[in-house]
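Number of protein chains: 2
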Amino acid sequence: MDADRQGGGADDGGERAFLAAYDPRDFPAIAVTVDIVALTLRGGVLHVLLVERGGRPFQGAWALPGGFVRAGQESLDEAAARELAEETGLDAAHLERVHLEQLGSYGDPGRDPRMPVVTVAYLAFAPDLPEARGGGDASAAAWIPVSRLALGAAAEDGAARGSVPRSSGEPDAARPRPQEQGPGHGTDGGGSVPGPADDAAPAESTAPPLLPLAFDHARIVADGLDRARAKIEYTPLATAFLGREFTIVELRGVYESVWGGPLHAGNFHRKVLSVPGFVESTGATAARGGARGGPRARLYRAGDARLLHPALLRPDREDGVR
Amino acid sequence: MDADRQGGGADDGGERAFLAAYDPRDFPAIAVTVDIVALTLRGGVLHVLLVERGGRPFQGAWALPGGFVRAGQESLDEAAARELAEETGLDAAHLERVHLEQLGSYGDPGRDPRMPVVTVAYLAFAPDLPEARGGGDASAAAWIPVSRLALGAAAEDGAARGSVPRSSGEPDAARPRPQEQGPGHGTDGGGSVPGPADDAAPAESTAPPLLPLAFDHARIVADGLDRARAKIEYTPLATAFLGREFTIVELRGVYESVWGGPLHAGNFHRKVLSVPGFVESTGATAARGGARGGPRARLYRAGDARLLHPALLRPDREDGVR
DNA sequence: CTAATAGTGTCTTTGAGACAATATGGA
DNA sequence: TCCATATTGTCTCAAAGACACTATTAG
Chain A
1 MDADRQGGGA DDGGERAFLA AYDPRDFPAI AVTVDIVALT LRGGVLHVLL VERGGRPFQG
61 AWALPGGFVR AGQESLDEAA ARELAEETGL DAAHLERVHL EQLGSYGDPG RDPRMPVVTV
121 AYLAFAPDLP EARGGGDASA AAWIPVSRLA LGAAAEDGAA RGSVPRSSGE PDAARPRPQE
181 QGPGHGTDGG GSVPGPADDA APAESTAPPL LPLAFDHARI VADGLDRARA KIEYTPLATA
241 FLGREFTIVE LRGVYESVWG GPLHAGNFHR KVLSVPGFVE STGATAARGG ARGGPRARLY
301 RAGDARLLHP ALLRPDREDG VR
Chain B
1 MDADRQGGGA DDGGERAFLA AYDPRDFPAI AVTVDIVALT LRGGVLHVLL VERGGRPFQG
61 AWALPGGFVR AGQESLDEAA ARELAEETGL DAAHLERVHL EQLGSYGDPG RDPRMPVVTV
121 AYLAFAPDLP EARGGGDASA AAWIPVSRLA LGAAAEDGAA RGSVPRSSGE PDAARPRPQE
181 QGPGHGTDGG GSVPGPADDA APAESTAPPL LPLAFDHARI VADGLDRARA KIEYTPLATA
241 FLGREFTIVE LRGVYESVWG GPLHAGNFHR KVLSVPGFVE STGATAARGG ARGGPRARLY
301 RAGDARLLHP ALLRPDREDG VR
């Protein structure tokens, strides 16, 4: 279907269809925007790019970067890339290394209290970027750790609800497993944090307040995280979080940060090297060994595989260290 | 982002943001529709629901069923369900058994020559339904075998192109493998066709003409097929193509029809039963044995699993009979 | 020197796939 | 009776995961 027919009632000629197509209540009253869930790793912690709202509906709250699609002038993908560039202040060279894919569309009535808005959400994987400068927009942009976000109800909604006939926005979160992000997993650029996150922290006195997100952006971020966690299982996209050259340990850090739990170093290492086309060796080795000693790690770059075969499946549940 | 800010230029107060939000060139000029890729099995062959266009831009061509989203009155999911019901003439009881999920959004400029239109595509898995009555719309609706569609260039685009920084509509086609649909695989309700499809047919004299699709619907259908083929790997959604009770052989027929190749009967049988929650036994057995004899197959119904663990992976390539 | 760390070897278990065997019922 | 067919058994191979070991280097 495109720009005629609008459904409802039996056909009565064509006159009616014509009128329906141009009924201002049916057609032009929806705004189309793109929103971007941009993920990156900073110091081994997964961050999302957010902007602080200056305007009224959710003033002061954090929201996803995004903006209107320029009707007839750009594709949705181009609109997303443009908005991401504006918001991060990235030049074309840096943008080259960012993976951008469509996540899904959100159009519940009332999701924006002012008017009907359908937003096409995008998911971006970025290497550690320079601090976000508050793009071309009113408020500040910043990378916020996902563990500081209040994703509560939205996150639960990914995997184990509803029955088959249910029809809700479920843009293929491949193997979603409810598993909230433990605060500080992964590497700070080299080694992975050893212990599980849940019991390591000494009793925090004042619980760090979780940031609420504007509109339905909590759900969009939750869907994006589900997608990211699933996608690095069967694609080499984890390398999009790293520089051109990286060590296997750094790559493991990406998986640990995104999945939120430690992985078995030895098995991970062997498995990555065994998947054809995942990584390829540069001759070189890292400048230094591990943080507190150890041999220098070999350097690799991303291979040419677009899918991992076999895949790197997530560990089953709360047990550890696959 | 929602209904303010529109990117580009520095902030200058709020006045500008307000104006931008209501600049008619930026906001109201995009129409939003839903289109549905509804798949079903008829006689062991995968079919898509299509409508024949009466109007001008692609008059006489086949297109996906769909229609405008009623701004502010319904969610995208509701719009898709409504359009599907209208187009198939399905009552609520039948709709209950249809799986509906969002596929992705398409908004290239010029995809509709008349005006900017962003469509949110949905994917539906339906059991064998009564013949489509030409719903509420101008032209006829019909189930068309996917093998009769010209999906050419669009299908190639799913998996192995572009590099990481590429940004194009790739709504997570999980494990796409280019593999065109061999005409008549699968079962006609009971047993699966034995031989491979490609050589069985006696030399066809006049090549059956492939039907072109209107707008960018060929790509949308191709994306939907990719998604369907991937999704039955790790979800129990193949059962959505069958009745409430079914045999393992019928279930295998679904996989063979969607994947387009024969599967090893014995191994498939054992694997399905070994995945927890995929199917559960009703005590009963089928009324008849196989087409030309054999024991009566046991009947099963869909289990309560939402994900298959372990998954049923597609056979690797052109070799056969996993 | 000492301890931490990159990388490898090995063993066990699980699952995939090929092949064979058994039993049932349509013609 | 004959043979296609549903279902189960067995064997082999690949991969996952647990665990142990070696070599290297920061402090």
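Top line first, the protein sequences correspond to chains A and B.
Letter 216 of the first sequence, counting from 1, is numbered 216 in full-length UniProt numbering, and no numbers are missing.
Letter 307 of the second sequence, counting from 1, is numbered 307 in full-length UniProt numbering, and no numbers are missing.
Virtual Cβ for every residue (Gly too), placed ideally from N, Cα, C.
Any C-beta of chain A under 9 Å from that of residue i
i	result
Leu76 of chain B	yes
Arg25 of chain B	For Arg25 of chain B, the predicted structure reports a pLDDT of 44, less than 50, and the residue's modelled location is therefore unreliable. A value from the coordinates is still provided. So, interface residue.
Glu170 of chain B	Legend: pLDDT at Glu170 of chain B = 39, less than 50; position of this residue unreliable, value from coordinates given subsequently. Yes, because at least one Cβ of chain A sits closer than 9 Å to the Cβ of Glu170 of chain B.
Gly289 of chain B	no
Gly107 of chain B	yes
His185 of chain B	Below a pLDDT of 50, predicted positions are generally treated as unreliable, and His185 of chain B, at 43, falls in that range; the measurement from the model is reported next regardless. Answer no: the Cβ-Cβ gap between His185 of chain B and chain A never drops below 9 Å.
Val48 of chain B	no
Val118 of chain B	yes
Val254 of chain B	no
Pro315 of chain B	no
Gly294 of chain B	no
Gly243 of chain B	no
Gly266 of chain B	no
residue 349 of chain B	This structure leaves residue 349 of chain B out entirely; chain B is present only between 1 and 322.
Gln6 of chain B	A caution first: Gln6 of chain B carries a pLDDT of 44, below 50, which makes its placement in the model unreliable, though a value can still be read off. Output row for Gln6 of chain B: interface = yes.
Interface flag, residue i vs chain B, CB-CB below 9 Å
i	result
Val275 of chain A	no
Arg42 of chain A	no
residue 381 of chain A	One cannot answer for residue 381 of chain A here, as it falls past the ends of chain A, which runs 1 to 322.
Pro262 of chain A	no
Ala31 of chain A	yes
Ala159 of chain A	Low confidence applies here, because Ala159 of chain A scores a pLDDT of 35, under 50, leaving its location unreliable; read the following figure in that light. Yes, because at least one Cβ of chain B sits closer than 9 Å to the Cβ of Ala159 of chain A.
Gly110 of chain A	yes
Cβ distance (whole Å) where residue i is taken to contact residue j below 8 Å
i	j	result
Ala140 of chain A	Leu49 of chain A	Contact flag wrong, Cβ pair sits at about 11 Å.
Val146 of chain B	Leu64 of chain B	Between Leu64 of chain B and Val146 of chain B the Cβ distance is about 13 Å, and since that is not below 8 Å, they are no contact.
Val34 of chain A	Gly66 of chain A	5 Å
Ala228 of chain B	Val258 of chain B	6 Å
Ile36 of chain B	Glu83 of chain B	6 Å
Nearest candidate by alpha-carbon position, reference residue i, set the options
i	options	result
residue 341 of chain B	B:Pro145, B:Thr282, B:Glu233 and B:Ala305	Outside the displayed range of chain B (1 to 322) lies residue 341 of chain B, so it cannot be described from this structure.
Phe241 of chain B	B:Gly72, B:His264, B:Pro127 and B:Gly110	B:Pro127
residue 326 of chain A	B:Leu151, B:Gly253, B:Ala71 and B:Ser147	The question about residue 326 of chain A has no answer here: the residues shown for chain A are numbered 1 through 322.
Arg114 of chain A	A:Pro57, A:Val272, A:Pro65 and A:Arg148	A:Pro57
Leu263 of chain A	A:Thr235, A:Leu312, A:Gly277 and A:Gly107	A:Leu312
His99 of chain A	A:Ala38, A:Gly283 and A:Gly261	A:Ala38
Arg306 of chain A	A:Ala286, A:Pro276, A:Ala291 and A:Ala287	A:Pro276
Leu123 of chain B	B:Ala230, B:Asp108 and B:Gly44	B:Ala230
residue 324 of chain A	A:Gly294, A:Leu213 and A:Ala150	Coverage of chain A is limited to positions 1 through 322, which leaves residue 324 of chain A absent and any answer about it impossible.
Tyr255 of chain B	B:Phe125, B:Gly294 and B:Gly89	B:Phe125
Tyr106 of chain A	B:Trp259, B:Gly253, B:Thr239 and B:Val32	B:Val32
Ser274 of chain A	A:Leu41, A:Thr40, A:Gly294 and A:Pro310	A:Pro310
Arg97 of chain A	A:Leu237, A:Asp112, A:Arg296 and A:Gly55	A:Leu237
Gly104 of chain B	B:Leu149, B:Trp62 and B:Leu225	B:Leu225
Leu151 of chain B	B:Asp91, B:Leu90, B:Phe278 and B:Phe215	B:Phe215
His94 of chain B	B:Pro130, B:Gln59, B:Phe68 and B:Ala61	B:Pro130
Gly43 of chain A	A:Trp143, A:Ala286 and A:Thr282	A:Trp143
Leu41 of chain B	B:Gly253, B:Gly89, B:Arg227 and B:Pro295	B:Gly253
Leu308 of chain B	B:Val279, B:Thr235 and B:Val258	B:Thr235
Ala61 of chain B	B:Asp108, B:Ala85 and B:Leu211	B:Leu211
Gly261 of chain B	B:Ala284, B:Ala291 and B:Asp316	B:Asp316
Val69 of chain B	A:Gln102, A:Asp108 and A:Glu87	A:Asp108
Pro208 of chain B	B:Arg53, B:Arg148, B:Gly89 and B:Thr285	B:Arg148
Val279 of chain A	A:Glu83, A:Arg296, A:Ala287 and A:Asp304	A:Asp304
Gln73 of chain B	A:Gly243, A:Arg296 and A:Asp112	A:Asp112
beta-carbon residue i near the ligand GDP non-hydrogen atom, thresh 8 Å
i	result
Leu90 of chain B	The ligand content of the structure shown is nil, which means the ligand GDP is not present either.
Original post:
Do the stretch 110-126 of chain A and the stretch 215-227 of chain A make contact, defined as three or more Cβ pairs closer than 8 Å?
Top reply: Enough Cβ pairs lie closer than 8 Å, so yes.
**OP:** Decide yes or no for the touch test of the stretch 254-273 of chain A against the stretch 69-84 of chain A: beta carbon pairs closer than 8 Å, at least 3 of them.
**Re:** With the cut-off at 8 Å, the stretch 254-273 of chain A and the stretch 69-84 of chain A do not touch.
Original post:
For the stretch 202-230 of chain B, which residues have a CB atom closer than 7 Å to at least one CB atom of chain A, in sequence order?
Top reply: Result list: Phe215 and Arg227.
Original post:
How do the stretch 299-312 of chain A and the stretch 244-257 of chain A stand: do at least 3 beta-carbon pairs fall below 8 Å, yes or no?
Top reply: With the cut-off at 8 Å, the stretch 299-312 of chain A and the stretch 244-257 of chain A touch.
Original post:
When Cβ atoms are compared, which residues of the stretch 51-75 of chain B fall closer than 9 Å to chain A?
Top reply: From the stretch 51-75 of chain B, only Val51, Arg53, Gly54, Gly55, Arg56, Pro57, Phe58, Ala63, Leu64, Pro65, Gly66, Gly67, Phe68, Val69, Arg70, Ala71, Gly72, Gln73, Glu74 and Ser75 have a Cβ closer than 9 Å to chain A.
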